[in-house]
């Protein structure tokens, strides 16, 4: 009886060890060997900070799409010589915000972490949290589709041990430092004040408060100051949310920058500065948001101007490359508009001919 029990325990342990071993090997194979999107890296733009030279980033912006559509690190550098990076993803959950910060502090030592507060009202489930933890332990769960690419390469080129088990090379830099350009203009029709005063509070869930506190403590441990940031958005912000965020900021001893209440300083034109009716900034709105935040960082008197520092010549080159990309994007947009007008004209003439 004892032998049978012992045998079953040994078999169970060996089975679990085999599963863990298989997942570990598969994870090593599946993990992208480069931090580029082409190599299969998840959220390559947000994670591009890992390719920045060690301890060269002054400030980091974390959050959802409000961040990567509104904050242009290259403009902040061009204006003030301050380096920053945008670590944002669509509908970002706070546990993922913390994960991105953990990746950041492995190679960077930023003085300020700006946490965009729209995440405070984005709920997540326990199962999503568990799934994320599991993916961190066994990356194969996150990058399982990469196995297909590996198998295709084996079938095409044969088994190459050095390629399959190659070490990672995360040196692929993101030129725009996490910002995503949009030239589309789609303004907000309603002129109703989205920040009309109220004494009410929009509730923040206990799970989110728990992770906000974790992020705050993590920043303190790593010598960075956490700042709550609300980017202008008529669809995502109101005074109820402002009150709740202000209460939490006071409770945690954290600064709170609500740009929705700084209309005189930011001067957002809701008819021209967004691309989706007042939700996200377009390029023209992002310029204003970035100018405001650049001035905010400059006035902290925490940073040296790096624009003439040879060690940061790559940033000056990135600024030049961005303007080339910008002009190309503007030209493409003109061509699209031209083609649309031509198509409408052709349709009109065709309708006249039919008559």
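In this note's numbering, the protein residues as written are 123 to 477. We treat Cβ as the ideally placed atom computed from N, Cα and C, and that holds for glycine.
Requested in this report: Say whether the stretch 221 to 231 touches the stretch 437 to 453, bearing in mind that this needs 3 or more beta-carbon pairs closer than 8 Å, one atom from each stretch.
Outcome: By the Cβ criterion, the stretch 221 to 231 is not in contact with the stretch 437 to 453, since fewer than three pairs of Cβ atoms, one from each stretch, lie closer than 8 Å.
Requested in this report: Please confirm whether residue 204 and residue 420 have their CB atoms less than 8 Å apart.
Outcome: Here residue 204 refers to the residue found at position 82 of the chain shown. Here residue 420 refers to the residue found at position 298 of the chain shown. Yes, the Cβ-Cβ distance between residue 204 and residue 420 is below 8 Å.
Requested in this report: Closer than 7 Å by C-beta to residue 412: which residues in its own chain qualify, once you throw out the five before and the five after it? Chain order, please.
Outcome: As a position in the chain shown, residue 412 is number 290, starting the count at 1. Around residue 412: 193, 194, 197 and 198.
Query raised in the report: Under the DSSP definition of a beta bridge, which residues are partnered with residue 183?
Result: Position 61 of the chain shown, counted from the start, is the residue given in the question as residue 183. According to DSSP, residue 183 bridges with 208 and 236.
Requested in this report: Output yes or no for whether 8 Å exceeds the beta carbon distance between residue 525 and residue 238.
Outcome: Residue 525 lies beyond the residue range present for the chain, which begins at 123 and ends at 477; the question has no answer from this structure.
Query raised in the report: DSSP on residue 349, reduced to helix/strand/coil?
Result: In the chain shown, the residue the question calls residue 349 occupies position 227. Residue state, collapsed to three classes: strand.
Requested in this report: Return the CA-CA distance between residue 235 and residue 242, expressed in angstroms with no decimal places.
Outcome: As a first step, residue 235 is located in the chain shown; it is residue number 113 there, counting from the start. As a first step, residue 242 is located in the chain shown; it is residue number 120 there, counting from the start. So the alpha carbons of these two residues sit roughly 15 Å apart.
Query raised in the report: Between the stretch 399 to 406 and the stretch 325 to 336, are three or more C-beta pairs nearer than 8 Å?
Result: Flag = no, the stretch 399 to 406 and the stretch 325 to 336 do not touch.
Requested in this report: With a cut-off of 8 Å on the beta carbons, I'd call residue 233 and residue 424 a contact; round off their distance for me.
Outcome: Start at 1 with the first residue of the chain shown, and residue 233 comes out as number 111. Start at 1 with the first residue of the chain shown, and residue 424 comes out as number 302. About 5 Å; that satisfies the 8 Å criterion.
Query raised in the report: Do residue 79 and residue 366 have their C-beta atoms within less than 8 Å of each other?
Result: The structure shown does not extend to residue 79, since the chain is modelled only from 123 through 477, so no value can be given for it.
Query - Inter-stretch contact (C-beta, 8 Å, three-pair minimum) for the stretch 169 to 185 and the stretch 384 to 393 - result: Result no; under three Cβ-Cβ pairs closer than 8 Å.
Requested in this report: Please go through the same chain and pick out, in chain order, the residues whose beta-carbon is closer than 7 Å to the beta-carbon of residue 126, but skip the five residues on each side of it.
Outcome: The count along the chain shown starts at 1 and reaches residue 126 at position 4. None.
Query raised in the report: Can you give the Cα-Cα distance for residue 210 and residue 185, rounded to whole angstroms?
Result: Indexing the chain shown from 1 puts residue 210 at position 88. Indexing the chain shown from 1 puts residue 185 at position 63. Their Cα atoms are separated by approximately 5 Å.
Query raised in the report: For the alpha helix (DSSP H) that residue 328 lies in, which residues bound it at each end?
Result: Residue mapping note: residue 328 aligns to position 206 of the chain shown, counting from 1. 328 to 343 is the extent of the alpha helix (DSSP H) around residue 328.
Query raised in the report: Expressed to the nearest angstrom, what Euclidean distance is found between the alpha-carbon atoms of residue 330 and residue 462?
Result: Mapped onto the chain shown, residue 330 falls at position 208. Mapped onto the chain shown, residue 462 falls at position 340. Going by the C-alpha atoms only, they are around 45 Å apart.
Query raised in the report: residue 403 bridges to which residues according to DSSP?
Result: Reading the chain shown from its first residue, position 281 is the one you call residue 403. Per DSSP, 396.
Query - C-alpha gap between residue 164 and residue 265, whole angstroms - result: Against the chain shown, residue 164 aligns to sequence position 42. Against the chain shown, residue 265 aligns to sequence position 143. Between residue 164 and residue 265, the C-alpha separation is close to 8 Å.
Report task. Note down the Cα distance separating residue 474 from residue 460, rounded to an integer number of angstroms. Result -> Along the chain shown, one-based indexing puts residue 474 at 352. Along the chain shown, one-based indexing puts residue 460 at 338. Summary for residue 474: the model assigns pLDDT 46, below 50, so the residue's position carries little reliability; its value from the coordinates is reported in the next sentence. Straight across, the Cα-Cα distance linking residue 474 with residue 460 is about 21 Å.
Query raised in the report: What are the partner residues of residue 377, as DSSP defines its beta bridges?
Result: Position 255 of the chain shown, counted from the first residue, corresponds to residue 377. Partner residues in the beta bridge of residue 377, as assigned by DSSP, are 349.
Report task. May I ask which residues mark the beginning and end of the alpha helix (DSSP H) holding residue 251? Result -> Position 129 of the chain shown, counting from 1, holds the residue named residue 251. First-last of the alpha helix (DSSP H) with residue 251: 248 to 259.
Requested in this report: Measure how close the beta-carbons of residue 190 and residue 361 come, nearest whole angstrom, since I'm counting them as under 8 Å.
Outcome: The residue labelled residue 190 in the question sits at position 68 within the chain shown. The residue labelled residue 361 in the question sits at position 239 within the chain shown. So it is not a contact: roughly 26 Å between Cβ atoms.
**Report entry** residue 457 versus residue 309: straight-line alpha-carbon distance, rounded
**Finding:** Here residue 457 is taken as the residue at index 335 of the chain shown, counted from 1. Here residue 309 is taken as the residue at index 187 of the chain shown, counted from 1. Each residue's Cα considered, the two are about 22 Å apart.
**Report entry** Of the residues 303, 224, 218 and 225, the one placed nearest residue 244, counting alpha carbons only
**Finding:** The residue labelled residue 244 in the question sits at position 122 within the chain shown. Just measuring C-alpha positions, the residue of 303, 224, 218 and 225 sitting nearest residue 244 is 218.
Query raised in the report: In or out: residue 410 buried (at least 16 other Cβ within 10 Å) or exposed?
Result: If you number the chain shown from 1, residue 410 lands on position 288. When all chains shown are included, residue 410 counts as buried.
Requested in this report: Within its chain, find whatever has a CB closer than 6 Å to the CB of residue 202; leave out the 5 residues flanking it on each side and keep chain order.
Outcome: Taking the first residue of the chain shown as position 1, residue 202 is located at position 80. Excluding positions up to five away in sequence, the list reads 416 and 420.
Query raised in the report: Which residues in the same chain have their Cβ closer than 6 Å to the Cβ of residue 374, if we skip the five residues on either side of it in sequence?
Result: As a first step, residue 374 is located in the chain shown; it is residue number 252 there, counting from the start. Within the same chain, residue 374 has close Cβ partners 338.
Query raised in the report: How about residue 387 and residue 414: are their beta carbons less than 8 Å apart?
Result: The residue labelled residue 387 in the question sits at position 265 within the chain shown. The residue labelled residue 414 in the question sits at position 292 within the chain shown. The answer is yes: Cβ separation under 8 Å.
**Report entry** Whole-Å CB distance - residue 525 paired with residue 295, under 8 Å assumed
**Finding:** Residue numbering for the chain in the displayed model covers 123 to 477; residue 525 lies beyond these limits and cannot be assessed.
Query - Straight-line gap, residue 406 to residue 381 (C-alpha atoms, nearest Å) - result: The residue labelled residue 406 in the question sits at position 284 within the chain shown. The residue labelled residue 381 in the question sits at position 259 within the chain shown. So the two alpha carbons sit approximately 16 Å from each other.
Requested in this report: Would you kindly check if the distance between the Cβ of residue 429 and the Cβ of residue 438 is under 8 Å?
Outcome: Here residue 438 corresponds to residue number 316 of the chain shown, with the count starting at 1. Here residue 429 corresponds to residue number 307 of the chain shown, with the count starting at 1. For residue 438 and residue 429, yes; Cβs fall inside 8 Å.
Query raised in the report: Contact check, residue 397 vs residue 299 under 8 Å by CB: the rounded distance?
Result: The residue given as residue 397 occupies position 275 in the chain shown. The residue given as residue 299 occupies position 177 in the chain shown. With a Cβ gap of about 20 Å, residue 397 and residue 299 do not count as contacting.
Requested in this report: Look up residue 311 in the DSSP assignment and say whether it is helix, strand or coil.
Outcome: Counting from 1 along the chain shown, the entry for residue 311 is found at position 189. Here residue 311 sits in coil by DSSP.
Query raised in the report: If residue 355 sits next to residue 188, beta carbons under 8 Å apart, how far is it from one beta carbon to the other, in whole angstroms?
Result: Translated into the one-based positions of the chain shown, residue 355 becomes position 233. Translated into the one-based positions of the chain shown, residue 188 becomes position 66. With a Cβ gap of about 6 Å, residue 355 and residue 188 count as contacting.
**Report entry** Environment of residue 319 [buried if 16+ CB atoms lie within 10 Å]
**Finding:** Counting from 1 along the chain shown, the entry for residue 319 is found at position 197. The residue is exposed, with fewer than 16 neighbouring Cβ atoms inside 10 Å.
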